[in-house]
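Visitor: In my numbering, the protein residues as written are 2 to 595. For each residue, glycine too, the CB sits at the ideal point set by N, CA and C.
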Amino acid sequence: MTGTGIRLTAPAPGWAIDADVVVVGSGVAGLTAALRCTAAGLRTVVVTKARLDDGSTRWAQGGIAAALGEGDTPEQHLADTLVAGAGLCDEEAVRTLVTEGPAAVRRLIGTGAHFDTSATGELQLTREGGHHRRRIAHAGGDATGVEISRALVEAVRAAALRTVENALVLDLLTDEHGRTSGVTLHVMGEGQHDGVGAVHAPAVILATGGMGQVFSATTNPAVSTGDGVALALRAGAEVSDLEFVQFHPTVLFLGSGAEGQQPLVSEAVRGEGAHLVDADGVRFMLGQHELAELAPRDIVAKAITRRMREQGAEHMYLDARHFGAAMWETRFPTILAACRAHGIDPVTEPVPVAPAAHYASGGVRTDLRGRTTVPGLYACGEVACTGVHGANRLASNSLLEGLVFAERIAADIAEGGTGDSTADPTPTALPAEPAGTVLLPLIAPEARAGIQRIMSAGAGVLRSAGSLGTAAAALESVYERAQGQDQDGSGPGKAAVPGVESWETSNLLCVARVLVAAALEREETRGCHWREDRPERDDADWARHLVITLTPDRQPVLRRTATAAFPLVDPGPVAPAAAGRPATPPPADAPREP
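#1: Whose C-alpha, out of SER478, LEU521, ALA448, VAL462, is nearest the C-alpha of LEU509?
#2: Applying the 10 Å Cβ sphere with the 16-neighbour rule, what's the burial state of ARG561?
#3: Would PHE216 and CYS529 be called neighbours here (beta carbons separated by less than 7 angstroms)?
#4: Whole angstroms are fine: how far does the CA of ASN398 sit from the CA of GLY84?
#5: How close, in whole Å, do the beta carbons of GLY86 and ALA392 come, if the pair is a contact with beta carbons under 8 angstroms?
#6: Output needed for GLN484: all residues of its chain with C-beta closer than 8 angstroms, excluding positions within five of it in sequence on either side, in chain order.
#7: Grab me the residues of SER257's own chain with a C-beta within less than 8 angstroms of its C-beta, minus the 5 sequence neighbours each way, in chain order.
#8: Alpha carbon to alpha carbon, what distance is there between GLY6 and ALA563?
#9: Just the C-alpha distance for LEU53 and ALA458, rounded to the nearest angstrom, thanks.
#10: In whole angstroms, what separates the C-alpha of MET212 from that of ASP281?
#11: Using the Cα positions of VAL197 and ALA497, report the straight-line distance between them to the nearest angstrom.
#12: What separation, rounded to the nearest whole angstrom, lies between the Cα atoms of ALA20 and VAL354?
#13: Return the CA-CA distance between PHE116 and ILE65, expressed in angstroms with no decimal places.
#14: Does the Cβ of THR219 have 16 or more other Cβ atoms within 10 Å, making it buried, or fewer, making it exposed?
#15: Whose CA, out of ASP242, ILE455, ALA156, lies closest to the CA of ALA544?
#16: Nearest-angstrom Cα distance between MET2 and THR33?
#17: Going by the CB atoms, is the gap between THR373 and ALA269 shorter than 7 angstroms?
#18: Beta-carbon separation of VAL48 and LEU186 under 7 angstroms?
#19: Starting from PHE406 and walking both ways along the alpha helix (DSSP H), at which residues does that stretch end?
#20: Sort GLY63, THR58, ALA94 by Cα distance to PRO75 and report the nearest one.
#21: Measuring CA to CA, which of GLU537, GLN453, GLU505, ARG284 is closest to VAL517?
#22: Taking the Cβ atom as the reference point for each residue, do ALA293 and ALA17 lie within a distance shorter than 7 angstroms?
#23: Using 8 angstroms for Cβ pairs, my map puts THR97 next to LEU369. What's the rounded Cβ distance?
#24: If distances are taken between C-alpha atoms only, which option among ASP540, GLN556, ARG464 comes closest to GLU533?
#25: Would you identify the three-state DSSP class for PHE324, choosing helix, strand or coil?
#26: Could you spell out the range, first to last residue, of the beta strand (DSSP E) harbouring ALA380?
#27: Counting only the same chain and skipping the five closest in sequence on each side, list residues whose C-beta sits under 7 angstroms from that of TRP531.
#28: What number of angstroms, rounded off, separates the C-alpha of ILE444 from the C-alpha of ARG44?
#29: What's the C-alpha gap between ALA231 and VAL512?
#30: Extract the residue ranges of the beta strand (DSSP E) inside the region 284 to 329, only unbroken runs of 3 or more that lie entirely within it.
#31: Taking the alpha carbon of ALA342 as the point to measure from, which residue in GLY403, ARG163, GLN263 has its own alpha carbon closest?
#32: Nearest CA to the CA of LEU395: which residue from HIS359, GLY500, GLU408, ARG151?
#33: With distances taken from CA atoms, which of ALA40, THR10, MET309, ARG538 is nearest ALA161?
#34: Can you give the Cα-Cα distance for LEU596 and VAL266, rounded to whole angstroms?
#35: By alpha-carbon positions, which one of ARG136, VAL384, LEU9 ends up nearest to SER225?
#36: Within this structure, are the beta carbons of THR58 and SER119 separated by less than 7 angstroms?
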């Protein structure tokens with residue numbers, strides 16, 4: 002795979018450091034990968050867009066799914082995952098997840114994460130949508146992500162692992178053979194507003210999280226602007242299944258004009274017995290699915306949206322008044338506080354809820370070792386498409402996926418042997434701009450809200466050829482206006498200035514255009530992709546994946562796979578092993594404490 006030659010318009014790097022591995026992101030996937038790489042003797046640098054403990058993981062409420070309970074098995078977890086994925090899961094990837102998952106969770110506990118336990122010391126497990134058994138381990142009632150993040154951040158600091166916080170990664174660096182050689186990045190709040198540096202490393206792990214901010218209303222934090230997917234596309238990597246955006250069915254409704262990150266009301270609330278009702282108190286999920294309120298998320302989101310449309314309502318309600326104050330305060334303290342902060346008391350009244358963008362089931366295409374189609378570039382967590390989620394992620398599989406595949410990536414890099422572990426990361430020569438580089442015209446920050454509204458209106462829960470076509474045209478108009486703006490300020494409008502806001506907006510437009518192109522191409526309803534004009538699932542023509550790349554002139558190219566089997570990834574060798582350095586990873590069952 003060769004690169005596109007496309008890069009964000011940015012100043013040349015003014016500083017650089019060396020490493021064996023650079024991890025981009027500080028959620029469960031990124032920090033787990035970093036700790037495992039460090040334990041294997043690799044010089045590892047973590048680059049994160051906000052603070053080390055401010056990634057997407059800390060917002061996870063429900064928990065982490067694994068076959069840890071009595072009578073539960075990986076096979077049962079596999080079956081539930083395949084059903085939720087609506088025929089597009091890669092079974093080998095899912096089997097890897099559910100088989101390695103329990104041990105990975107125990108290693109996470111060994112790292113210092115404290116999950117809720119019973120009086121006898123056994124893990125307390127709950128259910129969520131699509132699960133036929135209680136297999137969701139949680140912490141702090143509904144603060145699982147906060148606890149996992151705390152434990153991993155403490156482990157990273159105890160290991161004295163080098164970190165670069167408040168840094169937006171811009172583009173992948175490659176050598177003359179097209180292999181990964183590091184990243185460029187901008188450290189926010191230090192030096193000049195557009196100051197840029199570089200981290201040189203033969204292995205880069207993308208763990209940048211999701212792209213929820215491409216929509217007006219999302220559960221994702223403000224940093225989730227699709228930076229990893231956009232970077233990978235510019236680097237020539239393949240992405241897959243980007244049309245499958247999961248809309249969480251129960252997000253606290255804050256009003257029709259609310260935008261940005263919205264408070265999540267965890268699926269675990271329904272797992273403990275809360276009911277979805279309309280304004281008349283009718284439980285409309287009964288008869289819709291055998292699991293009623295605990296049906297897979299796409300089914301619940303569609304049912305809520307249908308009921309809202311039938312009744313001309315802006316939201317439905319989640320009724321858990323029967324929990325009582327004590328249960329709300331002990332089991333769901335975070336959700337209780339969020340609701341009360343917005344003037345709603347779940348103890349005494351139903352909670353208004355509506356679907357909002359939550360999780361990208363697709364992303365940068367990888368194999369079972371996390372390798373992308375660009376040699377040396379890896380991806381894990383929400384930014385990746387491992388084949389685990391198919392057309393719709395099963396609840397609480399996301400944290401597990403990040404954990405399992407991060408460990409696999411670290412083992413693969415250690416096995417390949419990248420770099421010399423004896424040296425400290427010190428300043429090094431700065432990279433030269435590759436020949437044939439095309440600088441991407443930047444999108445003005447003022448366009449961000451417009452892009453988000455276009456996406457929510459045309460590519461939200463309800464989609465059709467008409468709505469998607471309108472969205473595609475509107476996004477193309479934004480793109481063409483930027484194309485006409487010369488970087489010296491001439492042209493029909495003022496050129497966007499290089500900086501965090503314009504880089505983020507450019508990334509959002511990139512992923513929005515690709516997402517809409519994929520959604521237009523997939524002429525069926527499957528999983529969390531709901532086409533009103535194509536309401537039926539079409540296995541004959543569409544039990545397959547869409548693989549997407551960018552051309553050098555920044556146009557998405559879509560390729561449909563021949564079958565539902567997830568296509569193989571062949572990125573070639575990462576880098577030669579360092580002379581005299583062992584290239585054997587630690588045994589899978591060996592202690593991996595930092």
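Guide: This is what the structure gives:
#1: The residue from SER478, LEU521, ALA448, VAL462 with its alpha-carbon nearest to that of LEU509 is ALA448.
#2: Per the 10 Å Cβ criterion, exposed.
#3: No, these two residues do not count as a Cβ contact at 7 angstroms.
#4: For clarity, residue 84 is Val in the given sequence; the question names Gly instead. Per the coordinates, the alpha-carbon of VAL84 lies some 13 angstroms from the alpha-carbon of ASN398.
#5: GLY86 to ALA392, Cβ: 6 angstroms. Contact.
#6: Answer for GLN484: PRO442, listed in chain order.
#7: GLU315, listed in sequence order.
#8: Within the model, the alpha-carbon separation for ALA563 versus GLY6 is close to 29 angstroms.
#9: Whole-angstrom Cα-Cα distance: 34 angstroms.
#10: Going from the Cα of MET212 to the Cα of ASP281 covers about 35 angstroms.
#11: When rounded, the distance between both Cα atoms is 17 angstroms.
#12: Put simply, the backbone Cα of ALA20 is about 46 angstroms away from that of VAL354.
#13: Their backbone Cα atoms lie some 10 angstroms apart in a straight line.
#14: The residue is buried, with at least 16 neighbouring Cβ atoms inside 10 Å.
#15: When each option's Cα is compared against that of ALA544, the closest is ASP242.
#16: Low local confidence applies: a pLDDT of 41 at MET2 is under 50, so the model's placement there is unreliable, and no value is given.
#17: The answer is no: Cβ separation not under 7 angstroms.
#18: Yes, Cβ-Cβ distance for VAL48 and LEU186 is below 7 angstroms.
#19: Note, PHE406: alpha helix (DSSP H), 398 to 417.
#20: Nearest C-alpha to PRO75: ALA94.
#21: With distances taken between Cα atoms, VAL517 lies closest to GLN453.
#22: In this structure, ALA17 does not lie closer than 7 angstroms to ALA293 by Cβ.
#23: That belief holds up - the Cβ atoms of THR97 and LEU369 are roughly 6 angstroms apart, short of 8 angstroms.
#24: When each option's Cα is compared against that of GLU533, the closest is ARG464.
#25: Of the three classes helix, strand and coil, the one that applies to PHE324 here is helix, per DSSP.
#26: In the DSSP assignment, ALA380 falls within the beta strand (DSSP E) that extends over 378 to 380.
#27: Here the set comprises LYS303, VAL462, LEU463, ARG464.
#28: The C-alpha of ILE444 lies about 36 angstroms from the C-alpha of ARG44.
#29: Those two C-alpha atoms are separated by around 6 angstroms.
#30: The region 284 to 329 contains these whole beta strand (DSSP E) runs: 317 to 320.
#31: The shortest CA-to-CA distance from ALA342 to any of GLY403, ARG163, GLN263 is the one to GLN263.
#32: Nearest of HIS359, GLY500, GLU408, ARG151 to LEU395, Cα basis: HIS359.
#33: Comparing alpha carbon positions, the residue from ALA40, THR10, MET309, ARG538 closest to ALA161 is ALA40.
#34: Shown here, the chain extends from 2 to 595; a query on residue 596 therefore has no answer.
#35: Comparing alpha-carbon positions, the option among ARG136, VAL384, LEU9 lying closest to SER225 turns out to be VAL384.
#36: No, the pair does not count as a contact, with Cβ atoms beyond the cut-off.
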